[in-house]
Amino acid sequence: MRDVMAIRTATAMFTGLDFLYGGGHGHTTLRHYFRHEVLPLLRASYSEKVGTALFAAAAEIAAVLGWTAYDIGDHALAHRYFVSGLRLTQVIDDRLMGSTILATMSHQANYLGQTARAAQLARAALEGGRGQATPRANAIFTAHEARALSSAQDVAGASRAMNEAERFFEKAASAEDPDYLAYVDEAEIIGEISHCFRDLKRPIESMRFAEQAGAQTGPQYARTLGFCRMVLAQSQFLNGDLENAVATATLAVDEGESLQSARFVRYVEDFQREVSDHSSAPAVRALNDRVTLARAELEE
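Residue numbers (UniProt numbering): 1 to 300.
1) Sorted by chain position, which residues of the same chain lie with C-beta nearer than 7 Å to residue 25's C-beta, five sequence neighbours on each side aside?
2) Check whether the Cβ atoms of residue 64 and residue 9 lie closer than 8 Å to each other.
3) Label residue 215 either buried or exposed according to how many other C-beta atoms from any shown protein chain fall within 10 Å of its C-beta, with 16 as the threshold for buried.
4) Please name the residue, chosen from 95, 149 and 109, that lies closest to residue 125 on a Cα-to-Cα basis.
5) Can you list, in chain order, the residues of its chain with a C-beta nearer than 6 Å to that of residue 101? Leave out the 5 residues immediately preceding and following it.
6) Specify the secondary structure class of residue 254 as computed by DSSP and reduced to three states.
7) So residue 236 and residue 248 are in contact, right, with Cβ under 8 Å, and what is the actual spacing, rounded?
8) Alpha carbon to alpha carbon, how far is residue 257 from residue 245?
9) I'd like to check one pair, residue 284 with residue 268: are the Cβ atoms closer than 8 Å?
10) Let me confirm a value: residue 113 is counted as buried when at least 16 other C-beta atoms fall within 10 Å, else exposed. Which label applies?
11) Put residue 131 into one of helix, strand or coil per three-state DSSP.
12) Quick check on the burial criterion: 16 or more other C-beta atoms within 10 angstroms. Buried or exposed for residue 72?
13) Which residue from 132, 47, 130 and 116 puts its Cα closest to that of residue 149?
14) Scan the segment 2–89 and note each continuous alpha helix (DSSP H) run of 4 residues or more that stays entirely inside, going in chain order.
15) Touching or not, the segment 198–216 and the segment 162–170, by the rule of three or more beta carbon pairs under 8 Å?
16) Give the range of the alpha helix (DSSP H) segment to which residue 233 is assigned.
17) Would you kindly check if the distance between the Cβ of residue 59 and the Cβ of residue 89 is under 8 Å?
18) Excluding sequence positions up to five away, which residues of its chain have a Cβ less than 6 Å from the Cβ of residue 70?
19) What's the gap between the Cα of residue 186 and the Cα of residue 142?
20) On the three-state DSSP scale, how would you describe residue 183?
21) Let me know if residue 99 comes out buried or exposed under the rule of 16 or more other beta-carbons within 10 Å of its beta-carbon.
22) Which of helix, strand or coil does DSSP assign to residue 150?
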């Protein structure tokens with residue numbers, strides 16, 4: 001089982017790097033590790049117990065690899081590794097991990113504007129995990145469904161899914177979860193809900209949830225904190241508060257300057273576009289200058 005432990009240790013390390021510094025940190029190394037260290041192990045002979053554990057570990061690290069590719073904007077590569085992870089889960093009938101990957105694919109589809117597909121994938125995660133999924137897993141699956149429905153402006157469906165996600169999470173402590181669901185804490189669910197209200201153009205609710213999520217997000221989840229702050233900034237602007245919106249966005253850029261994440265960059269660019277009609281305002285000019293400087297520093 002030493003090979004399995006080695007893969008799980010690597011998975012934990014690369015997952016931590018991803019959350020703290022973005023997918024660009026370690027993606028190339030992780031891809032090399034997966035291709036040259038993990039895949040060859042799958043071709044060897046093992047007992048059923050060891051083989052099952054090995055395929056499970058390989059599926060988890062494939063999912064992390066797909067996630068880092070998604071975060072740097074290589075969506076075709078991300079999809080390829082998500083599918084690889086799914087196939088590995090099918091070999092050992094690990095429906096919980098398989099459903100977790102489907103939920104991640106839903107997240108990516110929503111990001112790409114494929115709202116119908118995103119909702120379908122989230123529902124497939126819920127259905128596929130039936131009987132194996134824990135309340136914590138179902139909470140994030142349903143939260144991703146809510147994100148997709150909010151993007152599609154399905155107010156009733158999004159409200160239903162948000163309520164279900166909250167109810168599932170209330171029972172999260174009632175079951176033991178795998179390590180790969182450790183990030184699904186209260187801040188994560190609240191943060192997803194803040195995105196939903198932002199997309200539904202309900203800034204008061206979005207600000208409340210984004211502030212709460214930001215306050216509860218641990219420092220090890222620096223990228224998530226950056227997202228929460230940018231959603232808060234967008235919601236403040238949507239609520240007519242340009243000054244505080246720009247201040248919040250500036251804080252996000254300052255604190256997120258080390259993130260190698262195409263997704264974080266998009267949050268910032270979306271905000272810049274939203275406030276572009278106020279480009280002559282000193283605070284907006286200062287933010288734009290700060291973003292330009294941050295990009296230059298990141299490329300050095």
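Glycine is no exception: its CB is placed at the ideal position from the N, C-alpha and C atoms.
Walking through what the data contain:
1) Excluding sequence positions up to five before and after residue 25, its CB lies within less than 7 Å of the CB of 17 and 260, all in the same chain and listed in chain order.
2) Contact check for residue 64 against residue 9 fails: the beta carbons are separated by 8 Å or more.
3) Residue 215 counts as exposed, since fewer than 16 other beta carbons sit within 10 angstroms of its beta carbon.
4) The residue with the shortest Cα to Cα distance from residue 125 is 95.
5) 63, 82, 85 and 86
6) helix
7) 6 Å
8) 18 Å
9) no
10) exposed
11) coil
12) buried
13) 116
14) The segment 2–89 contains these whole alpha helix (DSSP H) runs: 2–21, 27–33, 39–42 and 48–71.
15) no
16) 222–238
17) yes
18) 78 and 108
19) Distance between the alpha carbons of residue 186 and residue 142: 14 Å.
20) coil
21) buried
22) helix
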